[in-house]
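With my numbering applied, the sequence shown corresponds to residues 3 to 281, in that order. One structure is given here, and the rest of the page talks about it.
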Amino acid sequence: MTTQLLGASSAQMVHAPVTVPVLQRMKQERTPIVSLTAYDFSFARLMDRAGVDILLVGDSLGMVIQGHPTTLPVTLEQMIYHAAAVVRGAKRAMVVCDLPFGVCHGGGAAVMAAAVRIVKESGCQAVKLEGGVRIAETIRYLVEHEVPVMGHVGLTPQAVHRMGGFKVQGRGEEGERVVADALAVQEAGAFAVVLEGIPATLAEKISKSLLIPTIGIGAGVACDGQVLVMHDLLGVYEEVIPRFAKRYLPEGMLTAAVAAYVQEVREREFPGAEHSFAG
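As C-alpha cells, then:
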C-alpha cells in the first residue's frame, strides 16, 4: 500500500514510491538504500519489483551497452532515450539520470536546459552530476530551479583522462579533497551523493559527517546505500571488472543458456510442437 511520507515507518516505505524525503528518512533510520543501474524497460521493471530503491540511468551505458572504453561518447539524446525506457518500467523506484560528459561545461543555464530536457522528456525524478567543489554552483543553480540533484565524488568516470584511468581516489592527504567535495555537494543542495572508488574508512567518515545519504560503489559497507552496474552484478561485462564488483549469477550461466538454444536449433529440437501453430 502507499503511505504518506510523514510518519511512515521503514516497513511502510517498502511499498511507497521512493522520493527525496523517503531517502532522507532511510538515512535517519539507518535503512540501507539499494541502487542499481538500469537502461531499459524490462530490467527496470524486474529491479523495481525486486525492491531496488533507486534506478540509476548511468552514462556507464557508453561502456556496457555501446562498447566504448569510457563513458565520454554518450550524448544527451541517448541518456534521455534510455531514461524514458527505465521510467516506463519503474512503479516504486526513483529514477535518476546522469548528465553526460560536456553538458556541465556550459555553465548554469546550459546545464539547466539539459536537465529540463531530461526530466520533461524522460519523466525521471532527478539528475546526477559528477564533481565536487568545482561543480557546486551548478548544483545550486539546478536545485534553486527545482531540479533534484544527486552528486558524485571520488572516482568520477568522466574525469578518466585527468585521473589517468579508473583509479582509486582519496588515499592519504587526497582524502581531504574528497571530503571537501562531498561537503560542497551537500551545501549546494544535493539530496544524495555517490562515493565512488575511495577507501572504506574515508567513505565512513564522509557518511557520518553528511546529513544527506551517501551511495557507495567501491567505497565500503559504511555508506548509507550501495549501487552497482547491472552488468557487473550479472557478470556479462568482461572488458573492465572492478575489484568492488560482485557477480550474483553463477559464472557462465547466461552463456550456457544461449549455448543450449544454439544446440537445440542445430539439432532441430527447437521449436517443438508446443512452440508451433497448427494449420
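Even for Gly, the Cβ is constructed at its ideal location relative to N, Cα and C.
Query: Nearest-angstrom Cα separation, counted from E146 out to G254; Result: 48 Å
Query: Simplified DSSP state of V264, which is helix, strand or coil; Result: helix
Query: Contacting residues, own chain, Cβ-Cβ under 7 Å from V20 (five flanking each side not counted); Result: D55, I56, R94, A95, M96
Query: Limits of the unbroken beta strand (DSSP E) element including S37; Result: 35–39
Query: Cα-Cα separation between V1 and P273, rounded to whole angstroms; Result: Because residue 1 is not part of the residues shown, which for the chain are 3 to 281, the question remains open.
Query: Distance between P215 and D50 (C-alpha atoms, nearest Å); Result: 20 Å
Query: Short CB-CB distance (under 8 Å) between G227 and chain E; Result: In the structure shown, chain E does not exist; there is a single protein chain.
Query: Delimiting residues of the beta strand (DSSP E) encompassing G218; Result: 216–219
Query: Strand pairing of I67, partner residues [DSSP]; Result: I67 pairs with nothing; no bridge assigned.
Query: Presumed contact (8 Å Cβ cut-off) between A194 and I217, rounded CB distance; Result: 6 Å
Query: Neighbourhood of I137 by C-beta, 7 Å cutoff - its chain only, sequence neighbours within 5 removed; Result: C106, L131
Query: I141 vs V187 beta-carbon contact at 8 Å; Result: yes
Query: Contacts around S44, its chain only, beta-carbon distance under 8 Å, and the 5 residues preceding and following it disregarded; Result: G91
Query: First through last residue of the beta strand (DSSP E) which encompasses A233; Result: With the sequence shown as reference, residue 233 is identified as His, and Ala is not the correct amino acid for it. Premise fails: H233 lies in the alpha helix (DSSP H), 232–236, not in any beta strand (DSSP E).
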